[in-house]
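Peer 1: In UniProt numbering, the protein residues as written are 1 to 414. Below are the structure tokens for one structure; questions will follow.
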Amino acid sequence: MTQQPLEPGQAPAEHPDAVPLYGPRYRENPAEIFSELRRTHGPVVPVLLEGDVFAWLVIGYRELHELMGDPQLFARDSRIWNQWPNIPPDWPLMTFVAYQPSILFGEGPDHQRRVDAMSGALSEVDQFELRARCEEVADALIDGFAGSGEAELMTQYVYSIPVMTVAWMMGISTTEIDGVARDAVAALDGGEGAPAAYGRLAATMQNLLAAKRAEPGPDVTSRMLAHPVALTDEELVPDLLLVALGGQEPTALWIGNTLHLMLTDDRFSLTLSGGRQSVGQALNEVLWENAPVQAGLGRWATRDTQLGGRHIQAGDALLLGLAGANADPYVRPTSGPPANNAHLSFAHGSHGCPHPAPEIAEVIARTAVEVLLDRIPDVILAVPAEELTWRPSFQLRGLLSLPVKFSPVPATRS
């Protein structure tokens, strides 16, 4: 039996305790919220998205692994969503659910050919050259504030490194980098300006394709154009958007959250002058404890089923509670974060982060942290840690600002 559409603001009658998954309560400590939800509701939680739209949040590790590993039962095709009658055209999360013929929403052989083209293009990125480019970008950014003894790292450093590096990988003109960075942040924040920002990014990718078709180069865009699967422009534009968005915002927040950990936790801050030995551990710990992507839309049930003891109806939306699953006692040691990489922060299954994107993101993040600590070994927070403000997003976890101070150092270039 198909679920009847709900009135706006109405939780399903069978789930009157559905939890609003929006608002400022997600700023400070989402880990506590996920723990509370697990105690109260179990591994699959009834929630309300912005506009009080009903969905399921999956925060059990086993349940989320099952969901992501069964695309036949939990599909990426959002057109089967039973809540479409309640969704206004300007819904803030529309960019994450509006179906488009992209790698994000594809299924079966069509999806695989898109993955092949993207993975093939990314696998040809020379990671030694990538690190050298990251070092060059990082040094140039640090030169801009090194002599002042203070900086706001999120805007002056953290956000710039991934977008400048990914733009170089994709062959995007340096004159367009700042606009791409602003639009990427706006699109992923899911606010009122998200649809317009996403549209501007799509136009940028269309122009990039035209330029690379006319004059190919040693870049990801040109390699995707030349791949044997012969993707059309209509297929390439959304897939290139995924490369740009996936490579920018989550990587920037991974860098920012790692710097935050190393500047606030004595286990790391005591070794900042020799921080390079601790960077890998900090990067991995952040993916377990403070992942940049906390949750995401999503999957849609193709038929009535059971998950985590819940009755899921055909067409129900399910959110990937990545951070909640990482905190599941089922996979956690009795104390401290795990030392392995069995976290789900890069998702899993056919729609997980495509190879070798996680490795590329790690090169960028590790280089950004290491270069900063090498250049400014005595960097400390300029404000008490409790005064730092986090973004109010259930999907992304990152600081609005990260002010620091340090002993002024000379620029690397005169």
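Where is the CB? At the ideal position from N, CA and C, for every residue including glycine.
Do you know offhand how far E135's Cα is from R375's?
Peer 2: Approximately 11 Å between the Cα atoms of the pair.
Peer 1: Once DSSP output is grouped into helix, strand and coil, what is the label at P71?
Peer 2: Residue state, collapsed to three classes: coil.
Peer 1: Let me make sure I understand the geometry here. Which of L319, G309, E359 and P377 has the alpha-carbon closest to that of G247?
Peer 2: Ranking the options by Cα distance to G247, first place goes to E359.
Peer 1: What does E152 pair with, by DSSP beta-bridge criteria?
Peer 2: E152 pairs with P403.
Peer 1: Looking at C-alpha atoms only, which residue of G217, L93, D316 and A365 is the closest neighbour of F54?
Peer 2: That would be D316, whose Cα lies nearest to the Cα of F54.
Peer 1: Between H343 and L259, is the Cβ-Cβ spacing less than 8 Å?
Peer 2: Taking 8 Å as the Cβ cut-off, H343 and L259 do not qualify as a contacting pair.
Peer 1: Runs of 3 residues minimum, wholly inside the segment 266-326: which ones carry the beta strand (DSSP E) assignment?
Peer 2: The segment 266-326 contains these whole beta strand (DSSP E) runs: 296-301, 305-307, 310-312 and 317-320.
Peer 1: What does the Cβ neighbour count give for G9, buried or exposed, with the cut at 16 atoms within 10 Å?
Peer 2: With a pLDDT of 41 at G9, under the threshold of 50, the modelled position of that residue is not reliable, and the figure given next carries that caveat. Exposed, by the Cβ-count rule.
Peer 1: Ends of the alpha helix (DSSP H) at F54?
Peer 2: Note, F54: premise wrong, no alpha helix (DSSP H); beta strand (DSSP E) at V53 to V58.
Peer 1: Using the DSSP secondary-structure output, state which residues sit across from W390 in a beta bridge.
Peer 2: In DSSP, W390 forms a bridge with L399.
Peer 1: Could you tell me how far apart the beta carbons of T412 and D139 are, in whole angstroms, since I believe they sit closer than 8 Å?
Peer 2: T412 to D139, Cβ: 5 Å. Contact.
Peer 1: Can you grab the Cα-Cα spacing for the pair E192 / P85, in whole Å?
Peer 2: Distance between the alpha carbons of E192 and P85 is about 20 Å.
Peer 1: Check each candidate in R391, L320, L372 and Q306 and name the one with the smallest Cα separation from Y61.
Peer 2: Per the Cα distances, L320.
Peer 1: Should V383 be labelled buried (16 or more other beta-carbon atoms within 10 Å of its own) or exposed?
Peer 2: Under this definition V383 is an exposed residue.
Peer 1: Within a Cβ cutoff of 7 Å, which residues of the same chain sit near K405, ignoring the five residues on either side of it in sequence?
Peer 2: So the list reads G149, E150, I380 and A382, once near-sequence residues are dropped.
Peer 1: Can you give me the start and stop residues for the beta strand (DSSP E) that P46 sits inside?
Peer 2: Taken as a continuous stretch (DSSP letters only), the beta strand (DSSP E) holding P46 covers V44 to L49.
Peer 1: Enumerate, from N- to C-terminal direction, the unbroken alpha helix (DSSP H) stretches of 4 or more residues contained entirely within the segment 151-183.
Peer 2: You should have 160-170.
Peer 1: Do you know how far the Cα of P30 is from the Cα of H41?
Peer 2: Approximately 16 Å between the Cα atoms of the pair.
Peer 1: Whole alpha helix (DSSP H) runs in the segment 194-250 with 4 or more residues, listed along the chain?
Peer 2: Whole alpha helix (DSSP H) segments, 4+ residues: 194-214 and 220-226.
Peer 1: If you run the structure through DSSP and keep just helix, strand and coil, what is V383?
Peer 2: Coil at V383, not helix or strand.
Peer 1: Looking only at its own chain, which residues have a Cβ that is under 7 Å from the Cβ of A291, when we skip the five neighbours before and after it?
Peer 2: Only L322, A323, N326, S345 and R397 meet the Cβ criterion.
Peer 1: Which first and last residues belong to the alpha helix (DSSP H) in which P30 is found?
Peer 2: Start and end: P30 to H41.
Peer 1: Give me the residue from V243, S350 and W300 with the minimum Cα distance to V122.
Peer 2: The sequence given here places Leu at residue 122; Val does not occur at that position. Closest option to L122, Cα to Cα, is V243.
Peer 1: Count the other CB atoms, across all protein chains shown, that sit within 10 Å of the CB of T204; report buried if there are 16 or more and exposed otherwise.
Peer 2: So T204 counts as buried.
Peer 1: Is V125 helix, strand or coil by DSSP?
Peer 2: V125: coil per DSSP, three-state reduction.
Peer 1: Going by C-alpha to C-alpha distance, which of E36, V47 and L37 sits closest to A18?
Peer 2: If we check each option's Cα against that of A18, V47 comes out closest.
Peer 1: Between which residues of its own chain and W300 is the CB-CB distance below 8 Å, once the five residues before and five after are set aside?
Peer 2: Hits under 8 Å: F74, A75, R76, D77, S78, I80, W81, G315, D316, A317 and L318.
Peer 1: Using 8 Å as the threshold, is the C-beta distance between A365 and W254 below it?
Peer 2: Yes, they are a contact pair.
Peer 1: Out of L37, Y26, A368 and P43, point me to the one whose CA is closest to G308's CA.
Peer 2: Among L37, Y26, A368 and P43, the Cα nearest to that of G308 belongs to P43.
Peer 1: In terms of alpha-carbon separation, which member of P88, A117, C353 and H65 lies closest to V229?
Peer 2: Measuring from the Cα of V229, the nearest candidate turns out to be A117.
Peer 1: When DSSP labels each residue in this structure, what does P20 get in the three-state scheme?
Peer 2: Strand at P20.
Peer 1: Verify whether the separation of the beta carbon atoms of P71 and S350 is less than 8 Å.
Peer 2: Result yes, Cβ atoms of P71 and S350 sit closer than 8 Å.
Peer 1: I364 lies in the alpha helix (DSSP H); which residues open and close that run?
Peer 2: I364 -> alpha helix (DSSP H) spans A357 to R375.
Peer 1: To the nearest angstrom, how far is it from the Cα of L141 to the Cα of Y157?
Peer 2: So the two alpha carbons sit approximately 6 Å from each other.
Peer 1: Figure out for me which residue from S278, T302, P250 and M94 has the closest Cα to the Cα of Y159.
Peer 2: Among S278, T302, P250 and M94, the Cα nearest to that of Y159 belongs to P250.
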